[in-house]
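Enquirer: Structure provided below as structure tokens; questions to follow.
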């Protein structure tokens, strides 16, 4: 198999309305030595018709894999199987990129011998208006956002560690990103926003009420992976912080969709019990101490990260985790 510098994996399901803008930003990248692997996840609209001109115009660079509808985690994992690049990249089909993104990230990775490179990104609306800029700093693994699309991953590390996106579960990104980050020898931050994440009011990320507890399954799978790879002894504080961030505060944010007060508070108590089962003294974590006003991650940081609005949930929601 011929190798290239970057394999870009693009899962798509019923993306006819926006796939062209995404692909335009990929085929016109200033880094030429790339391959674009589109994984059509059982689309039933006109997605294939929109993709076909790119297959014809760039037969050496654009590939199409058709699968039965299986979900984004499965589609990404299948895309990795077909990849030949030195590095892996992932793009959501309704987003788009700065045309210099991969040239800059690849140069940064090679120059510094990074296994993982991360950059900030723009959150934009459907009209291209910038709402805000996110992932503006990186100090350690707990500051990583858990989306794969603003990152480059060394493929050899990905394969040797047998990294997988969670399948048939929501929050599949959380598993893969942290698994890779804990296995990476060196992580770099390129301080320039290069990715445009399109926030759509009707997107699937806003319809997760029934899947809110999938995060517990994902975190348990992550814990087993880290235990197997002997990370728990040396990185226990970081792993505990990840459980707090995603198992409690991320869960608190997602539970807001539940308007029944009794059910919502039951979900929040479940989150606390879930984290306590593995980390009995999580409230005094090195990175996130719930009982002190000043620590590496402030409550304001977390609220911003997950979009929490304290008054919206009520003080009692927060007190349930203390």
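In my numbering, the protein residues as written are 20 to 341.
Note that the Cβ used here is the ideal one computed from N, Cα and C, for glycine as well.
It should be emphasised that the depicted structure is a prediction, and the values quoted were computed from it without experimental measurement.
Can you name, in chain order, every residue of its own chain whose Cβ lies under 8 Å from the Cβ of residue 193, other than the five neighbours on each side?
Expert: 165, 185, 234, 237, 238, 241 and 265
Enquirer: Starting from residue 192, follow the alpha helix (DSSP H) in both directions and report where the run begins and ends.
Expert: 191 to 202
Enquirer: Am I right that residue 170 and residue 90 are in contact with their C-beta atoms under 8 Å? What's the rounded C-beta distance?
Expert: Actually they do not touch by this definition, with Cβ atoms about 20 Å apart.
Enquirer: Consult DSSP for residue 110 and reduce its assignment to one of helix, strand or coil.
Expert: coil
Enquirer: Check the C-beta distance from residue 46 over to residue 55 and give it rounded, since I have them as a contact under 8 Å.
Expert: 7 Å
Enquirer: Let me check one thing: in DSSP terms, what residues is residue 136 bridge-paired to?
Expert: 171 and 207
Enquirer: Run the CB neighbour count on residue 48, radius 10 Å, all protein chains shown included, and call it buried at 16 or more, exposed below.
Expert: buried
Enquirer: Contact between the region 101 to 110 and the region 31 to 39 is defined here as three or more beta-carbon pairs at a separation below 8 Å; is this criterion met?
Expert: no
Enquirer: Spatial neighbours of residue 113 within its chain, please: CB distance less than 6 Å, with the 5 preceding and 5 following residues excluded, ordered by chain position.
Expert: 37 and 217
Enquirer: At which residues does the beta strand (DSSP E) containing residue 251 begin and terminate?
Expert: Per DSSP, residue 251 belongs to no beta strand (DSSP E) and is neither H nor E.
Enquirer: Where does residue 220 land, buried or exposed, given buried means 16+ other C-beta within 10 angstroms?
Expert: exposed
Enquirer: Let me check understanding here. Comparing Cα to Cα, which of 126, 70 and 198 lies closest to residue 161?
Expert: 198
Enquirer: Closer than 6 Å by C-beta to residue 248: which residues in its own chain qualify, once you throw out the five before and the five after it? Chain order, please.
Expert: Result list for residue 248: empty, nothing under 6 Å.
Enquirer: Which class does residue 116 belong to by DSSP, given the choice of helix, strand or coil?
Expert: strand
Enquirer: Have a look at residue 147 and residue 298 and give me their C-alpha separation to the nearest angstrom.
Expert: 43 Å
Enquirer: Would residue 173 be called buried (16 or more neighbouring beta carbons within 10 Å of its own) or exposed?
Expert: buried
Enquirer: Please report how far the alpha carbon of residue 39 lies from the alpha carbon of residue 87, in whole angstroms.
Expert: Residue 39 and residue 87: Cα-Cα distance of roughly 22 Å.
Enquirer: Does residue 21 pass the burial test, meaning 16 or more other C-beta atoms within 10 Å, or should it be called exposed?
Expert: exposed
Enquirer: In terms of alpha-carbon separation, which member of 182, 118 and 163 lies closest to residue 2?
Expert: Any property of residue 2 remains undetermined from this structure, which presents the chain solely from 20 to 341.
Enquirer: Excluding sequence positions up to five away, which residues of its chain have a Cβ less than 8 Å from the Cβ of residue 102?
Expert: 26, 28, 54, 56 and 174
Enquirer: Rounded C-beta distance between residue 206 and residue 135? I'm assuming under 8 Å.
Expert: About 5 Å separates the beta carbons of residue 206 and residue 135, which is inside the 8 Å limit, making them a contact pair.
Enquirer: Please report the distance separating the alpha-carbon of residue 278 from that of residue 84.
Expert: 41 Å
Enquirer: Check whether the Cβ atoms of residue 61 and residue 191 sit closer than 8 Å, and answer yes or no.
Expert: no
Enquirer: Quick one: Cα of residue 69 to Cα of residue 138, how far?
Expert: Cα to Cα, residue 69 sits roughly 29 Å from residue 138.
Enquirer: Using the Cα positions of residue 142 and residue 155, report the straight-line distance between them to the nearest angstrom.
Expert: 12 Å
Enquirer: My assumption, with CB atoms under 8 Å, is that residue 263 sits in contact with residue 294. Please give the rounded CB distance.
Expert: 6 Å
Enquirer: Anyone know if the C-beta pair for residue 24 and residue 50 falls short of 8 Å?
Expert: yes
Enquirer: Does residue 211 pass the burial test, meaning 16 or more other C-beta atoms within 10 Å, or should it be called exposed?
Expert: exposed
Enquirer: In the DSSP assignment, what are the bridge partners of residue 345?
Expert: Nothing about residue 345 can be reported from this structure: the residues present for the chain run from 20 to 341 only.
Enquirer: Look up residue 64 in the DSSP assignment and say whether it is helix, strand or coil.
Expert: Coil.
Enquirer: Leaving out five residues on either side along the sequence, give the residues of the same chain with a beta carbon under 7 Å from the beta carbon of residue 200.
Expert: Cβ neighbours of residue 200 beyond the five flanking positions: 135, 160, 163 and 206.
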